[in-house]
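Asker: Structure below; questions to follow.
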Amino acid sequence: MKTIDRLTQWIGKTESFKKLSTLPLNFVLNFVLIVPFAIMIFLSFTKWELLSGYDWWHAPVVGVPRFIEAFGDARLLWALIRTTIFVAVVLPLEFLLGLGMALLFLGDFRGKKAFTSVVMYPMMMPWVVVGLGFYLMFQYYGPVNLLLLKPMFGEGGMIDWFTNPVLAFAAVMIADIWQWTPLMFLIIYAGLAAVPTRLIEAAQVLGASSARIVRTVRLPLIKPLLVVALIIRGLEAFKVFDIVYIMTRGGPGVNSTEVVSLYVYNLAIVYHNTSYACAVSLLIMVAIALVTRLAIRPLEVKPE
Amino acid sequence: MVRTKVAAKSIGRYLLLIVVSIWTLAPVAWMVSLSFKGPTEWYAPNLIPIQPIIDNYISLFVPTNPIGGSYFFTSITEPITKPLINSLIAAGLGTIFAVLVGFLAAYGVSRYQAGGTFVIFFTLLTRMLPGATFVAPLMVFYAGIGFVDTYSGLILLYTAVTLTYAIWLMKGFIDEIPPEWEEAALLEGASPWTVLRKITIPLTKGGLVASALFIFILNWSEFLFALVISVTQVTTLPVQISKYVSAVGRMYGTMASLGLLATIPSLVLGYLIQKHLVTGFTFGRVR
Amino acid sequence: MPKLVVKNLRKVFGTFEAVKDVSFHVEEKETLCLLGPSGCGKTTTLRIIAGLEVPTSGEVFVDGVLVNDLPPQKRQIGLVFQDYAIFPHLSVFENIAYGLRVRKMPEAEIRKKVHGTVALIGVENILDAPGKKLGLSEMQRVAIGRSIVLDPKLLLLDEPLSNIDAKARERMRTELGKLQKEIGIATVYVTHDQLEAMTLADRIAVMRDGLIEQMGTTSEIYNSPRNLFVADFIGSPSMNLIDCECVYSGGRVVLKSGDFSFDITEFGETVRSKSKGKELVLGIRPEDVSIDVDKTDPKAMESEVQLVEPIGAKSIYHLKISGPTILSKDRAMPEVKVGSKVWATFSKNKLHAFDKKTEEAIF
Numbered sequence: 023m024k025t026i027d028r029l030t031q032w033i034g035k036t037e038s039f040k041k042l043s044t045l046p047l048n049f050v051l052n053f054v055l056i057v058p059f060a061i062m063i064f065l066s067f068t069k070w071e072l073l074s075g076y077d078w079w080h081a082p083v084v085g086v087p088r089f090i091e092a093f094g095d096a097r098l099l100w101a102l103i104r105t106t107i108f109v110a111v112v113l114p115l116e117f118l119l120g121l122g123m124a125l126l127f128l129g130d131f132r133g134k135k136a137f138t139s140v141v142m143y144p145m146m147m148p149w150v151v152v153g154l155g156f157y158l159m160f161q162y163y164g165p166v167n168l169l170l171l172k173p174m175f176g177e178g179g180m181i182d183w184f185t186n187p188v189l190a191f192a193a194v195m196i197a198d199i200w201q202w203t204p205l206m207f208l209i210i211y212a213g214l215a216a217v218p219t220r221l222i223e224a225a226q227v228l229g230a231s232s233a234r235i236v237r238t239v240r241l242p243l244i245k246p247l248l249v250v251a252l253i254i255r256g257l258e259a260f261k262v263f264d265i266v267y268i269m270t271r272g273g274p275g276v277n278s279t280e281v282v283s284l285y286v287y288n289l290a291i292v293y294h295n296t297s298y299a300c301a302v303s304l305l306i307m308v309a310i311a312l313v314t315r316l317a318i319r320p321l322e323v324k325p326e
Numbered sequence: 007m008v009r010t011k012v013a014a015k016s017i018g019r020y021l022l023l024i025v026v027s028i029w030t031l032a033p034v035a036w037m038v039s040l041s042f043k044g045p046t047e048w049y050a051p052n053l054i055p056i057q058p059i060i061d062n063y064i065s066l067f068v069p070t071n072p073i074g075g076s077y078f079f080t081s082i083t084e085p086i087t088k089p090l091i092n093s094l095i096a097a098g099l100g101t102i103f104a105v106l107v108g109f110l111a112a113y114g115v116s117r118y119q120a121g122g123t124f125v126i127f128f129t130l131l132t133r134m135l136p137g138a139t140f141v142a143p144l145m146v147f148y149a150g151i152g153f154v155d156t157y158s159g160l161i162l163l164y165t166a167v168t169l170t171y172a173i174w175l176m177k178g179f180i181d182e183i184p185p186e187w188e189e190a191a192l193l194e195g196a197s198p199w200t201v202l203r204k205i206t207i208p209l210t211k212g213g214l215v216a217s218a219l220f221i222f223i224l225n226w227s228e229f230l231f232a233l234v235i236s237v238t239q240v241t242t243l244p245v246q247i248s249k250y251v252s253a254v255g256r257m258y259g260t261m262a263s264l265g266l267l268a269t270i271p272s273l274v275l276g277y278l279i280q281k282h283l284v285t286g287f288t289f290g291r292v293r
Numbered sequence: 105m106p107k108l109v110v111k112n113l114r115k116v117f118g119t120f121e122a123v124k125d126v127s128f129h130v131e132e133k134e135t136l137c138l139l140g141p142s143g144c145g146k147t148t149t150l151r152i153i154a155g156l157e158v159p160t161s162g163e164v165f166v167d168g169v170l171v172n173d174l175p176p177q178k179r180q181i182g183l184v185f186q187d188y189a190i191f192p193h194l195s196v197f198e199n200i201a202y203g204l205r206v207r208k209m210p211e212a213e214i215r216k217k218v219h220g221t222v223a224l225i226g227v228e229n230i231l232d233a234p235g236k237k238l239g240l241s242e243m244q245r246v247a248i249g250r251s252i253v254l255d256p257k258l259l260l261l262d263e264p265l266s267n268i269d270a271k272a273r274e275r276m277r278t279e280l281g282k283l284q285k286e287i288g289i290a291t292v293y294v295t296h297d298q299l300e301a302m303t304l305a306d307r308i309a310v311m312r313d314g315l316i317e318q319m320g321t322t323s324e325i326y327n328s329p330r331n332l333f334v335a336d337f338i339g340s341p342s343m344n345l346i347d348c349e350c351v352y353s354g355g356r357v358v359l360k361s362g363d364f365s366f367d368i369t370e371f372g373e374t375v376r377s378k379s380k381g382k383e384l385v386l387g388i389r390p391e392d393v394s395i396d397v398d399k400t401d402p403k404a405m406e407s408e409v410q411l412v413e414p415i416g417a418k419s420i421y422h423l424k425i426s427g428p429t430i431l432s433k434d435r436a437m438p439e440v441k442v443g444s445k446v447w448a449t450f451s452k453n454k455l456h457a458f459d460k461k462t463e464e465a466i467f
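Chains as they are written, first to last, in the working numbering: chain E, 23 to 326; chain R, 7 to 293; chain D, 105 to 467.
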């Protein structure tokens, strides 16, 4: 039999399909993920920079100094703290606002579809445009100052948002909340609406008010969904980069609003401190993997 | 008595809805307003331009001096046609590849448990880790194989980054189809490829299209990796936007028009997704 | 004063009239059954009483008070759904205690009341089980307990036995009957199973297409059906119905169908005055058709056995009597087989006749 016939025959078989279906996937993943990952692990044990002049596989292996450096890095620590604060503020707010919106949309009313489309679109906008939009909003001569603060507090009430680290960070947080609350709203609403009507009616006949029904029937039944939503959004929030880059670039100053992603980016691309960037990246990856594993633990214990 | 209580609840609901709508529309409304304003009005609080112009939009493509009659501001240094095209190419091809590879893999995982737990584990992992943590070694790797600032480099990256979403989404749609139909065809001697072509794909079309649109939006919006990989040749639209913010931080009008232009595909596709999702789900339910 | 009064209820969904004009009342401690096929409006009526649907027109009075504008929360009515709607995330105890907690009753009292009800419905051993782990009959008990612990003025049950398999159904039916007697709350019971209705109800309202065809005690419905529909719906197996033509010849009134003829001269007057046309439907329940191997009754008709369905102590015989096939439910006689010739007698005072056009009963 000719080779090409044998080949086509083999391709058609079920067992080979199994291997073939993930072949392109493996190829891509290997290329873009695994190889760089391996390089990263290697480089974190070396002392090398991209512009050093010689190839990375000639880099001198020095062991663990990079990691020790990371543990003593104050700037890294601050980046971590800032990012944690970011998540700690943004996540609960997005959750509560999303929950409030979901409750608001519960039931039937005229124009529900239209309002839903309006409320949902922030999720679909490119992150950089969101950053751009809020950058424009919080300008000294922008609408937040001119249309909100000036009418309320007069000329002195206007704030220069981006020259103050705390305020600039607040502006970034507001942008994130604006963009991602609709996602929480979507998930929570889907969950609430999926609660069987029968159960709601049964509770009504037993005398429960709408508020009580939400508290005692709807919310308990969607608890696992809520946890998943929180974890997913929490992780994404930790990875924030785009809006910070556009709105503050880490400033004012050098790093007063620098989040973890931004710091790593700076290390790798701006400061060209390649091997250190690799070490820091590796540490962060391990940390996230551990934390996520711990957070998933209560979910996994499900005997049913 | 009950009627008035219900009515009050209704009014309260609509009031809140209006507040939420204003909050949601505010940034975009302001950007729209800015994009049609001349430089004299950029620092003014009025929402509606007194003298609307379209110079802001035009200046994005063709150098327009002056803008809105003012010589103080000149148009942005380069036209955005190149970044626009780059974004289209990168997002488009990246999406196509992601969908192809992802669909195949999702099908293999769903029906044949191909790749085992490894694939699932890996897809989860890539979702969890910050993109920035890959940047350092990626630069090194790409520099080594000459992929920096190239289309292939960017497209490959885009494919990889959205692959997880592709698999995750499409696996969901594939799982909805009862496997009995495919098994029947297999028993009659059809190869898995034929099964795919004749049975699975027609049934999941709605879901596939919705996934593809969603992935396109993701790729279109992608920023970090494009920022890292591109130098001059393959700058995408988001990267160009960031350059303008730093370079021409005071040109509110042109920035607004640029931002809006960049958003239009996302919004259009988002709307299309909603439409296709409905057909996707009803298709799947046909027994 | 009746516990529940329903007056001229009407409910329209879009263009569909689910309930056309329904009125009835339920006395204290009485069980009324809404009986009818699917889609006759019985469940809708129940939901209107509970407050889950708003009637297009009509009034509902509970304990003499008009409740139309009251939401279900305030009506103090117990409702047991067809699928029980037990809260899956709460334990049996918490399910039953739910309504009591809504009323902010002190903990000790809640405990007392719940335990009291638990004893009544027999769920002592599964008090801590989560709702989602219960079996169907357990769920039903909890659903009932959940409602009665609140001492409602009225208890509504929507097809409570439909979800239970046949074997358990008999047992549950008896239990339900016992429970009803013990609790003594005015009850409205919805079902499509006429055996359930006959067993559990004090009065039955037979419904069809949004209207009550007939309302009365079980014996009234059984023995004096007002029209063809009620006659056919009640009874297992259904009443034998034979389309006949009423012939007056030689001073005698005879119902004829092909070769089959039946003398009804004694009812002649009634027929003449009440019937609108000449086409009548003769009705006789299978349990009122007796067969004998020998002709012991002069009026007995010769018939051939076509099929025998043994059902224990009795058997159902399919008889061909000069044309039409008539079912007889008599004691089991092993000597009677397919093809045997037997003599069939219709019990005299169990005869029914209906006008074929109006479907109303003549006698």
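For every residue, glycine included, the Cβ atom is placed at its ideal position computed from N, Cα and C.
So that I know if they touch, is there some Cβ in chain E lying closer than 9 Å to that of Arg207(D)?
Answerer: Yes - at least one Cβ of chain E is within 9 Å of the one on Arg207(D).
Asker: For a test of the three-state rule: what should DSSP assign to Tyr77(R), helix, strand or coil?
Answerer: Low confidence applies here, because Tyr77(R) scores a pLDDT of 47, under 50, leaving its location unreliable and the question unanswered by this model.
Asker: Could you check the C-alpha separation between Arg319(E) and Met257(R) for me, to the nearest Å?
Answerer: The straight-line gap from Cα to Cα measures roughly 50 Å.
Asker: Please work out which residues of its chain come closer than 6 Å, Cβ to Cβ, to Gly168(D), disregarding the five sequence neighbours upstream and downstream, and give them in chain order.
Answerer: Hits under 6 Å: Met105.
Asker: Determine the extent of the alpha helix (DSSP H) in which Arg234(E) is found, giving its start and end residues.
Answerer: Start and end: Ser232 to Ile235.
Asker: For a cutoff of 9 Å on Cβ pairs, would you count Arg234(E) as touching chain D?
Answerer: Taking Cβ atoms only, chain D reaches closer than 9 Å to Arg234(E), which makes this a yes.
Asker: Val245(R) and Tyr287(E): beta carbons closer than 9 Å?
Answerer: Cβ distance not < 9 Å, so Val245(R) and Tyr287(E) don't count as in contact.
Asker: Please state the DSSP three-state secondary structure of His422(D).
Answerer: Looking at His422(D) - three-state DSSP - the assignment turns out to be strand.
Asker: In whole angstroms, what is the alpha-carbon distance linking Val150(E) and Leu243(R)?
Answerer: Distance between the alpha carbons of Val150(E) and Leu243(R): 10 Å.
Asker: What three-state label does DSSP hand Phe128(D) in the structure shown?
Answerer: DSSP places Phe128(D) in strand when its eight states are reduced to three.
Asker: With Leu106(R) as the anchor, note down where its alpha helix (DSSP H) starts and where it stops.
Answerer: Leu106(R) -> alpha helix (DSSP H) spans Thr87 to Tyr118.
Asker: Span of the alpha helix (DSSP H) holding Met405(D)?
Answerer: Met405(D) -> not in any alpha helix (DSSP H); beta strand (DSSP E) instead, spanning Met405 to Ile415.
Asker: Only counting the same chain, and skipping five residues up and downstream in sequence, which positions put a Cβ closer than 8 Å to that of Asp155(R)?
Answerer: Only Ile235, Ser236, Val237, Thr238, Gln239 and Val240 meet the Cβ criterion.
Asker: Just confirm the distance between the C-beta atoms of Thr369(D) and Arg389(D), as a whole number of angstroms; I'd bet it's less than 8 Å.
Answerer: In fact, because the Cβ distance is near 22 Å, the residues do not count as touching under 8 Å.
Asker: Do Gly507(D) and Phe337(D) have their C-beta atoms closer together than 9 Å?
Answerer: Any property of residue 507(D) remains undetermined from this structure, which presents chain D solely from 105 to 467.
Asker: At which residues does the alpha helix (DSSP H) containing Gly281(D) begin and terminate?
Answerer: Gly281(D) -> alpha helix (DSSP H) spans Ala270 to Ile287.
Asker: Taking the C-alpha atoms as reference points, what is the distance between Ser407(D) and Glu413(D)?
Answerer: Looking at the two C-alpha atoms, the distance is approximately 17 Å.
Asker: Quick one: measure Cβ to Cβ for Val218(D) and Arg245(D), integer angstroms, because I've assumed they're closer than 8 Å.
Answerer: With a Cβ gap of about 13 Å, Val218(D) and Arg245(D) do not count as contacting.
Asker: Determine the contact status of Glu71(E) and His294(E), defining contact as a CB-CB distance below 9 Å.
Answerer: Contact: yes.
Asker: Could you check the C-alpha separation between Gly330(E) and Ala262(R) for me, to the nearest Å?
Answerer: Chain E is shown only over 23 to 326; residue 330(E) falls outside these bounds and no answer can be derived.
Asker: Which runs of the alpha helix (DSSP H) fall wholly inside the segment 234-275 of chain E and span at least 4 residues, in chain order?
Answerer: You should have 245-260 and 264-269.
Asker: Going by DSSP, what residue range makes up the beta strand (DSSP E) through Glu349(D)?
Answerer: Where Glu349(D) is concerned, the enclosing beta strand (DSSP E) stretches over Asn344 to Ser353.
Asker: Val310(D) to Leu136(D), Cα distance in whole Å?
Answerer: For Val310(D) and Leu136(D), the distance between alpha carbons rounds to 11 Å.
Asker: Looking at the unbroken alpha helix (DSSP H) that takes in Leu183(D), where does it start and where does it end?
Answerer: Note, Leu183(D): premise wrong, no alpha helix (DSSP H); beta strand (DSSP E) at Ile181 to Val184.
Asker: In terms of DSSP beta bridges, what is Cys137(D) paired with?
Answerer: Beta-bridge pairing links Cys137(D) to Tyr293(D) and Ile308(D).
Asker: I need the straight-line Cα distance from Leu359(D) to Glu464(D), nearest angstrom please.
Answerer: The alpha-carbon atoms of Leu359(D) and Glu464(D) are separated by roughly 17 Å.
Asker: On a CA-only basis, which of Glu258(E), Leu99(E), Thr68(E) and Arg237(E) is nearest Val83(E)? Give me that one, please.
Answerer: Here the closest residue by C-alpha is Thr68(E).
Asker: Is it buried or exposed for Val115(R), if we count other Cβ within 10 angstroms and need 16 for buried?
Answerer: So Val115(R) ends up on the buried side.
Asker: Provide the residue span of the beta strand (DSSP E) that contains Trp149(E), from first to last.
Answerer: Unbroken run through Trp149(E) is the alpha helix (DSSP H), Trp149 to Met159; no beta strand (DSSP E).
Asker: Output yes or no for whether 9 Å exceeds the beta carbon distance between Val334(E) and Ala138(R).
Answerer: Absent from the model: residue 334(E). The displayed extent of chain E is 23 to 326, so no value can be given.
Asker: If you measure from the beta carbon of Gln280(R) to each beta carbon in chain E, is any gap under 9 Å?
Answerer: Output row for Gln280(R): interface = yes.
Asker: For Lys245(E), which residues in the same chain have their Cβ closer than 8 Å to its Cβ, ignoring the five residues on either side in sequence?
Answerer: Closer than 8 Å at Cβ, skipping near neighbours: no residue.
Asker: Does Pro234(D) come out as helix, strand or coil in the three-state DSSP assignment?
Answerer: DSSP places Pro234(D) in strand when its eight states are reduced to three.
Asker: Kindly indicate which three-state DSSP category Val83(E) falls into: helix, strand or coil?
Answerer: Val83(E) falls in the strand class under three-state DSSP.
Asker: Hey, is Phe333(D)'s beta-carbon within less than 9 Å of any beta-carbon in chain E?
Answerer: Answer no: the Cβ-Cβ gap between Phe333(D) and chain E never drops below 9 Å.
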